[in-house]
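Peer 1:
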């Protein structure tokens with residue numbers, strides 16, 4: 001295409017591929033030899049590339065619309081207001097139409113003519129074959145009628161001896177097809193957003209510890225075995241193992257879990273995660289494409305290179321429809337030519353009518369217009385579909401895999417209980433603990449402090465604070481020594497009166513995280529925090545089970561916590577303590593069993609599983625990467641949206657089938673009439689103008705039917 005040639009010298013060295021036919025790969029931009037779609041760069045980079053194709057199509061569309069609107073007004077105005085004939089004589093009007101339509105057809109539709117020629121050259125007839133024929137023949141017929149009216153039979157001329165022209169049909173068809181191209185290219189430009197978001201997680205530089213001190217180097221230059229210094233607030237550059245220091249690392253961008261993980265010498269840290277507190281020195285273990293983040297990027301990118309069955313439908317139909325229409329047009333031309341005499345002029349006229357009425361506007365609009373309306377209806381209900389494949393497949397889903405944290409639960413720990421030792425006031429113990437936790441950056445500490453404030457307690461400023469990584473904290477509040485942590489820490493400090501393990505196991509069995517509180521060397525209380533289940537979750541799971549959907553909970557949490565949450569929600573199948581890569585494997589296993597699987601999650605660790613599933617569903621309250629990786633996003637983070645989305649999916653597919661029926665009925669009825677089948681019986685011919693009107697009505701019918709989706713009731 002002409003627009004592709006302007007990509008610059010560097011574009012010629014980049015591999016391009018077709019999103020519909022991934023097997024098509026070439027150096028430099030161009031069009032797919034199979035379907036005619038514009039190719040796109042195969043490799044996705046962190047920077048958003050300039051889309052020359054979209055800019056070119058947008059410019060052509062804007063100019064075509066600007067010229068087509070007055071052209072349509074001039075062509076149709078005299079039919080609606082006869083008085084305009086006197087103000088604008090027919091011969092003047094036709095020349096104005098010619099002037100307005102020519103740049104639209106010869107410049108606006110030029111990319112389609114290039115793809116039309118390519119389809120003939122490669123013998124891959126597609127939508128652009130019909131577009132090129134419909135627009136080209138309609139325009140050339142009109143030019144011939146304008147310049148050589150004497151070549152046409154008398155019955156096709158008006159009282160002034162002029163032959164009807166169809167410049168407005170050719171121009172409007174061009175504008176509509178360009179609109180479809182612009183909408184398609186805009187949607188395609190967003191497909192790489194998930195991978196770009198993932199690539200953006202990795203820092204650009206890192207601090208390598210050398211004999212001469214720390215040296216800042218590009219991440220690409222790090223090799224296995226390099227010693228790296230990671231300071232508080234810095235991102236971990238590559239996968240590594242801690243060799244010096246202690247810290248808490250926020251892994252929520254990878255695991256989806258909100259609580260930072262304590263790291264000590266010997267523990268592994270993941271590239272792209274955030275070092276929340278404490279400086280550590282780590283040894284690089286995996287670099288480049290071997291890091292976990294790079295593997296996630298690759299999995300998401302590979303999953304997105306998939307063909308949407310619903311998008312292929314029109315091309316599959318066109319593979320048969322296009323040659324049939326061409327054969328009918330040729331047969332019409334030959335048949336009328338054999339009649340001889342004046343019928344030979346009718347041969348060209350009727351062949352043109354066949355091609356115009358067969359112009360694939362309705363066929364091309366049948367699927368995308370329904371998808372557009374369905375996406376708008378879904379958005380109003382808090383459901384965002386990424387592509388047409390998700391709408392088609394969602395109705396078939398029989399298994400739903402759900403991540404626990406942030407999907408079934410809120411993803412925000414809260415204080416759920418305080419159990420004070422005998423003789424100690426509960427609020428007093430909580431106030432001392434919450435006062436010390438104010439100095440902690442740990443989410444558990446924040447939950448305890450917030451819970452105390454919600455109870456109306458006034459917190460004091462800690463006089464001393466010390467974090468004991470992986471075990472707890474200690475300090476001084478109101479002149480009293482306070483310790484908060486796990487039983488192991490209390491044992492090491494010799495704190496008396498610690499309850500037995502059963503007391504803590506009871507809390508954990510309810511899905512809670514329990515911490516001990518000691519005051520002045522004596523056990524004072526147990527404080528527990530938990531990630532509450534969303535209020536909408538039970539009703540959502542009930543609705544899905546009523547539809548026969550199998551629900552499987554998948555989480556990186558401990559088995560005890562996972563089973564406690566599952567028991568509350570009536571979920572029988574639980575897969576706990578899974579790593580990011582294992583989640584995708586679980587989804588793949590379910591798919592191999594012949595199940596149609598949807599995966600619902602909100603963290604980056606869910607991205608491969610979301611992309612692997614037939615339909616990935618992201619919570620709108622989760623990470624951007626999860627939302628970009630998913631096929632459906634529930635803006636409100638409400639699982640009830642899945643049942644609503646399935647209802648919309650069923651309605652949309654029914655609507656698309658109706659649209660295709662409308663499109664083919666018009667062609668099935670119109671093609672024989674345009675070919676002159678009724679002429680021997682009733683002397684009836686279908687002029688190209690009426691053919692264009694029938695084509696327009698088919699498009700109007702398809703659009704009107706699609707708009708009914710706006711009224712679909714979503715429960």
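In full-length UniProt numbering, the protein residues as written are 1 to 715. All C-beta atoms, glycine included, are put in the ideal place defined by N, C-alpha and C.
(1) Please report the residue range of the beta strand (DSSP E) in which residue 474 lies.
(2) Whole angstroms are fine: how far does the CA of residue 472 sit from the CA of residue 486?
(3) Grouping DSSP H, G and I as helix and E and B as strand, with all else coil, what is residue 236?
(4) Residue 210 bridges to which residues according to DSSP?
(5) In three-state terms, what does DSSP make of residue 463?
(6) How long is the line joining the alpha carbons of residue 519 and residue 563, rounded to whole angstroms?
(7) On the DSSP letters alone, give me the boundaries of the alpha helix (DSSP H) that residue 401 sits inside.
(8) Residue range of the beta strand (DSSP E) that residue 285 falls in?
(9) Alpha carbon to alpha carbon, how far is residue 274 from residue 219?
(10) Should residue 236 and residue 267 be called a contact, given that it needs their Cβ atoms to be closer than 9 Å?
(11) Could you tell me whether the Cβ atoms of residue 125 and residue 354 are closer together than 9 Å?
(12) Which of helix, strand or coil does DSSP assign to residue 40?
(13) At what residues does the alpha helix (DSSP H) containing residue 275 begin and finish?
(14) Look up residue 262 in the DSSP assignment and say whether it is helix, strand or coil.
(15) Would residue 335 count as contacting chain D if we go by Cβ distances under 9 Å?
(16) Do you know offhand how far residue 226's Cα is from residue 264's?
(17) Going straight from the alpha carbon of residue 446 to that of residue 440, what length do you get?
(18) Which residues in the same chain as residue 269 place their Cβ atom closer than 7 Å to its Cβ, once the five residues preceding and following it in sequence are excluded?
(19) What does the alpha-carbon distance come out to for the pair residue 608 and residue 534?
(20) If you pair each beta-carbon of the stretch 47 to 62 with each one of the stretch 136 to 145, do three or more pairs fall below 8 Å?
(21) Got a sec, what are the start and stop residues for the alpha helix (DSSP H) residue 775 sits in?
(22) Taking one C-beta from the stretch 566 to 573 and one from the stretch 660 to 674 each time, how about it: are there three or more such pairs within less than 8 Å?
(23) Touch check for the stretch 639 to 655 and the stretch 431 to 439: three-plus C-beta pairs under 8 Å?
(24) Using CA coordinates, which residue listed in 347, 393, 513, 491 is at the minimum distance from residue 448?
(25) For residue 481, list the residues DSSP reports as bridge partners.
(26) Here's a check: name, in chain order, each residue in its chain whose Cβ is nearer than 7 Å to the Cβ of residue 701, leaving out the five neighbours to either side.
(27) By the 10 Å Cβ neighbour count, where 16 or more other Cβ atoms means buried, how is residue 307 classified, buried or exposed?
(28) Would you give the residue range spanned by the alpha helix (DSSP H) that residue 437 belongs to?
(29) Return helix, strand or coil for residue 665, following the three-state DSSP convention.
(30) Do you know whose CA, among 483, 435, 707, lies nearest residue 460's CA?
(31) Looking only at its own chain, which residues have a Cβ that is under 6 Å from the Cβ of residue 280, when we skip the five neighbours before and after it?
(32) What's the call for residue 334, buried or exposed, on a 16-neighbour Cβ count within 10 Å?
(33) Assuming residue 613 and residue 587 are in contact, meaning their beta carbons sit under 8 Å apart, how far apart are those beta carbons, in whole angstroms?
(34) Of all the options 22, 36, 40, which has the alpha carbon lying nearest to the alpha carbon of residue 29?
(35) For residue 131, which residues from the same chain have a beta carbon less than 6 Å from its beta carbon, with the 5 sequence-adjacent residues on both sides left out?
(36) By a C-beta neighbour count over all protein chains shown, 10 Å radius and 16 as the cutoff for buried, is residue 681 buried or exposed?
Peer 2: On the basis of the supplied data:
(1) Numbered from 1 along the chain shown, position 474 holds the residue referred to as residue 474. Segment 472 to 477, the beta strand (DSSP E) holding residue 474.
(2) Along the chain shown, read from residue 1 onward, the residue named residue 486 stands at position 486. Along the chain shown, read from residue 1 onward, the residue named residue 472 stands at position 472. The alpha-carbon atoms of residue 486 and residue 472 are separated by roughly 7 Å.
(3) Position 236 of the chain shown, counted from the start, is the residue given in the question as residue 236. Coil, per DSSP.
(4) By 1-based counting over the chain shown, the position of residue 210 is 210. Paired residue(s): 213.
(5) By 1-based counting over the chain shown, the position of residue 463 is 463. Coil, per DSSP.
(6) For the purposes of this step, residue 519 is taken as residue 519 along the chain shown, with counting starting at 1. For the purposes of this step, residue 563 is taken as residue 563 along the chain shown, with counting starting at 1. So the two alpha carbons sit approximately 33 Å from each other.
(7) To locate residue 401, count along the chain shown from 1; it is residue 401. Looking at the DSSP string, residue 401 is not in any alpha helix (DSSP H); the run it does join, the beta strand (DSSP E), is 399 to 403.
(8) Within the chain shown, the letter at position 285 stands for residue 285. Counting along the chain, the beta strand (DSSP E) containing residue 285 begins and ends at 280 to 286.
(9) Position 274 of the chain shown, counting from 1, holds the residue named residue 274. Position 219 of the chain shown, counting from 1, holds the residue named residue 219. Answer to the nearest angstrom: the Cα atoms are 16 Å apart.
(10) On the chain shown, position 236 is the one that residue 236 refers to. On the chain shown, position 267 is the one that residue 267 refers to. Their beta carbons are not under 9 Å apart, which means residue 236 does not touch residue 267 by this criterion.
(11) Residue 125 sits at position 125 when you count from the first residue of the chain shown. Residue 354 sits at position 354 when you count from the first residue of the chain shown. In this structure, residue 354 does not lie closer than 9 Å to residue 125 by Cβ.
(12) In the chain shown, residue 40 corresponds to position 40, counting from 1. Reduced to three states, the DSSP call for residue 40 is strand.
(13) Here residue 275 refers to the residue found at position 275 when the chain shown is read from its first residue. First-last for residue 275: 274 to 277, but that is the beta strand (DSSP E), not the alpha helix (DSSP H).
(14) Residue numbering aside, residue 262 sits at position 262 when the chain shown is read from its first letter. Here residue 262 sits in strand by DSSP.
(15) The structure shown has no chain D; it contains just one protein chain.
(16) Translated into the one-based positions of the chain shown, residue 226 becomes position 226. Translated into the one-based positions of the chain shown, residue 264 becomes position 264. One C-alpha to the other measures close to 18 Å.
(17) Counting from 1 along the chain shown, the entry for residue 446 is found at position 446. Counting from 1 along the chain shown, the entry for residue 440 is found at position 440. For residue 446 and residue 440, the gap between their C-alpha atoms comes out near 7 Å.
(18) If you number the chain shown from 1, residue 269 lands on position 269. Here the set comprises 236, 240, 242, 249, 263, 282.
(19) Start at 1 with the first residue of the chain shown, and residue 608 comes out as number 608. Start at 1 with the first residue of the chain shown, and residue 534 comes out as number 534. Answer to the nearest angstrom: the Cα atoms are 24 Å apart.
(20) no
(21) In this structure the chain extends from 1 to 715, so residue 775 is not present and cannot be described.
(22) no
(23) no
(24) On the chain shown, residue 448 is found 448 positions in, with the first residue counted as 1. The residue with the shortest Cα to Cα distance from residue 448 is 513.
(25) Taking the first residue of the chain shown as 1, we reach residue 481 at position 481. Paired residues: 476.
(26) The sequence position of residue 701 within the chain shown is 701, counting from 1. Once the five neighbours on either side are set aside, the close Cβ partners of residue 701 are 662.
(27) One-based indexing of the chain shown puts residue 307 at position 307. With a pLDDT of only 47 at residue 307, under 50, the local geometry of the prediction cannot be trusted, and the value read off the model is given with reservation. With fewer than 16 other Cβ atoms within 10 Å, it is exposed.
(28) Numbered from 1 along the chain shown, position 437 holds the residue referred to as residue 437. For residue 437, the enclosing alpha helix (DSSP H) begins and ends at 426 to 437.
(29) The sequence position of residue 665 within the chain shown is 665, counting from 1. Residue state, collapsed to three classes: helix.
(30) The residue you call residue 460 lines up with position 460 of the chain shown. Ranking the options by Cα distance to residue 460, first place goes to 435.
(31) As a working mapping, residue 280 is identified with position 280 in the chain shown. These residues qualify, in order along the chain: 230, 242, 245, 247.
(32) Here residue 334 corresponds to residue number 334 of the chain shown, with the count starting at 1. Exposed is the call here.
(33) For the purposes of this step, residue 613 is identified with residue 613 of the chain shown, where counting begins at 1. For the purposes of this step, residue 587 is identified with residue 587 of the chain shown, where counting begins at 1. Correct: roughly 5 Å between the Cβ atoms.
(34) The count along the chain shown starts at 1 and reaches residue 29 at position 29. Selected option, being the one with the closest Cα: 40.
(35) Locating residue 131 in the chain shown gives position 131, counting from the first residue. The residues are 112, 177.
(36) Here residue 681 corresponds to residue number 681 of the chain shown, with the count starting at 1. Residue 681 should be labelled exposed.
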